[in-house]
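J.: Encoded as structure tokens, here's the structure I'll be asking about.
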Ligand SMILES: [Zn+2]
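In our numbering, the protein residues as written are 32 to 280.
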């Protein structure tokens with residue numbers, strides 16, 4: 032089962048890279064054929080087998096012989112590992128399926144936000160719908176309703192932070208995608224743990240923000256990966272964070 036999930040993860044990872052790279056540029060993610068980044072040669076199916084093609088072609092394009100960007104293999108491997116991690120952490124059921132969705136969202140947001148400073152709407156919408164369906168099936172309608180309300184509430188908390196930031200700093204401090212991502216966080220974690228995740232994300236982002244300010248002299252950086260990273264951490268350590276909340280309040 033773990034091996035199967037690793038293979039599925041690799042295939043999905045390869046798809047997430049296409050989604051995270053092509054959609055922000057307005058390109059089609061499903062029907063346009065993959066091309067070599069350098070010679071633009073259309074790739075055949077046997078050039079597109081995740082990891083295996085890379086190994087057999089010795090990491091080079093079989094048409095122009097340029098080195099294939101390592102990010103392909105890195106994204107594929109990390110997604111494979113994350114999917115196996117979901118299986119190790121959770122028995123097959125609600126938490127397992129949702130953890131797969133969170134890992135998928137994490138990968139897509141990492142790619143698109145670090146590359147283009149964009150969080151795409153479509154992965155957020157698809158994840159939300161899938162999580163709501165899973166929640167209705169496994170947890171019932173009432174609990175789902177509470178989660179949806181939690182998501183909306185967290186969305187408005189983020190919007191409030193955004194407005195306050197705009198008032199104080201006279202410019203936009205969060206992206207629209209960050210605010211929409213808060214809905215998914217509330218939906219998955221419910222309100223209080225969602226808040227915990229937002230607070231946690233600021234700690235995760237702090238070293239990167241400081242480094243970005245020092246090295247790139249820029250105070251703009253992608254925040255989505257840290258929000259989604261916090262969602263991942265809190266979801267995977269749900270009980271510990273619940274205990275922490277109970278201990279504090
Ligand atoms: Zn090439």
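Glycine included, each C-beta is placed from N, C-alpha and C at the ideal position.
How far does the alpha helix (DSSP H) with residue 138 in it reach, from first residue to last?
T.: One-based indexing of the chain shown puts residue 138 at position 107. From DSSP, the alpha helix (DSSP H) with residue 138 extends over 125-147.
J.: Between the Cα of residue 175 and those of 44, 220, 155, spot the shortest distance and give me the residue it belongs to.
T.: Here residue 175 corresponds to residue number 144 of the chain shown, with the count starting at 1. With distances taken between Cα atoms, residue 175 lies closest to 220.
J.: Return the Cβ separation of residue 143 and residue 81 in integer angstroms, given the expectation that the two are a contact with Cβ distance under 8 Å.
T.: Taking the chain shown and counting its residues from 1, the one referred to as residue 143 is at position 112. Taking the chain shown and counting its residues from 1, the one referred to as residue 81 is at position 50. The pair is not a contact, with the Cβ atoms about 19 Å apart (cut-off 8 Å).
J.: Whose CB is closer than 6 Å to a heavy atom of ligand 1? List the residues in chain order.
T.: Cβ-based neighbours of ligand 1 within the cut-off: 67, 69, 70, 72, 92, 94, 95, 97.
J.: For residue 134 and residue 122, I'd like the C-alpha separation in whole angstroms.
T.: Counted from its first residue, the chain shown places residue 134 at position 103. Counted from its first residue, the chain shown places residue 122 at position 91. C-alpha separation (whole angstroms): 16 Å.
J.: Are the CB atoms of residue 238 and residue 145 nearer to each other than 9 Å?
T.: Translated into the one-based positions of the chain shown, residue 238 becomes position 207. Translated into the one-based positions of the chain shown, residue 145 becomes position 114. For residue 238 and residue 145, no; Cβs fall outside 9 Å.
J.: DSSP on residue 97, reduced to helix/strand/coil?
T.: Here residue 97 corresponds to residue number 66 of the chain shown, with the count starting at 1. Of the three classes helix, strand and coil, the one that applies to residue 97 here is coil, per DSSP.
J.: Pop quiz: residue 124 and residue 169 are said to be a contact at Cβ under 8 Å. What is the actual Cβ separation, rounded to whole angstroms?
T.: Counting from 1 along the chain shown, the entry for residue 124 is found at position 93. Counting from 1 along the chain shown, the entry for residue 169 is found at position 138. About 7 Å; that satisfies the 8 Å criterion.
J.: On the three-pair Cβ rule with 8 Å, is the region 183-203 touching the region 157-169?
T.: No: fewer than three Cβ pairs fall under 8 Å.
J.: With residue 107 as the anchor, note down where its alpha helix (DSSP H) starts and where it stops.
T.: Numbered from its first residue, the chain shown carries residue 107 at position 76. Unbroken alpha helix (DSSP H) run through residue 107: 102-120.
J.: What do you reckon, are the CB atoms on residue 224 and residue 178 nearer than 9 Å?
T.: The count along the chain shown starts at 1 and reaches residue 224 at position 193. The count along the chain shown starts at 1 and reaches residue 178 at position 147. Contact: no.
J.: Report the three-state DSSP secondary structure of residue 166 (helix, strand or coil).
T.: As a working mapping, residue 166 is identified with position 135 in the chain shown. Helix, per DSSP.
J.: Rounded to whole angstroms, how far is the Cβ of residue 212 from the Cβ of residue 149, which I believe are closer than 8 Å?
T.: In the chain shown, the residue the question calls residue 212 occupies position 181. In the chain shown, the residue the question calls residue 149 occupies position 118. Contact doesn't hold; Cβ gap of about 12 Å is too wide.
J.: Which residues does DSSP pair with residue 53 in a beta bridge?
T.: The count along the chain shown starts at 1 and reaches residue 53 at position 22. Note: residue 53 sits in no beta bridge, so no partner.
J.: With distances taken Cα to Cα, identify the nearest neighbour of residue 265 among 244, 231, 256.
T.: For the purposes of this step, residue 265 is taken as residue 234 along the chain shown, with counting starting at 1. Residue 265 has its Cα closest to that of 231, out of 244, 231, 256.
J.: Measure the Cβ-Cβ separation of residue 186 and residue 210 and say whether it is below 9 Å.
T.: Within the chain shown, residue 186 is the residue found at index 155, counting from 1. Within the chain shown, residue 210 is the residue found at index 179, counting from 1. It is a contact, given that the beta carbons lie within the stated cut-off.
J.: I need the straight-line Cα distance from residue 284 to residue 68, nearest angstrom please.
T.: The question about residue 284 has no answer, for the chain in this structure spans 32 to 280.
J.: The alpha helix (DSSP H) spanning residue 259 covers which residue range?
T.: Numbered from 1 along the chain shown, position 228 holds the residue referred to as residue 259. Note, residue 259: alpha helix (DSSP H), 255-267.
J.: Going by beta carbon distance, what residues of the same chain come within less than 6 Å of residue 189, once the five residues before and after it are set aside?
T.: Taking the chain shown and counting its residues from 1, the one referred to as residue 189 is at position 158. Excluding positions up to five away in sequence, the list reads 210, 213.
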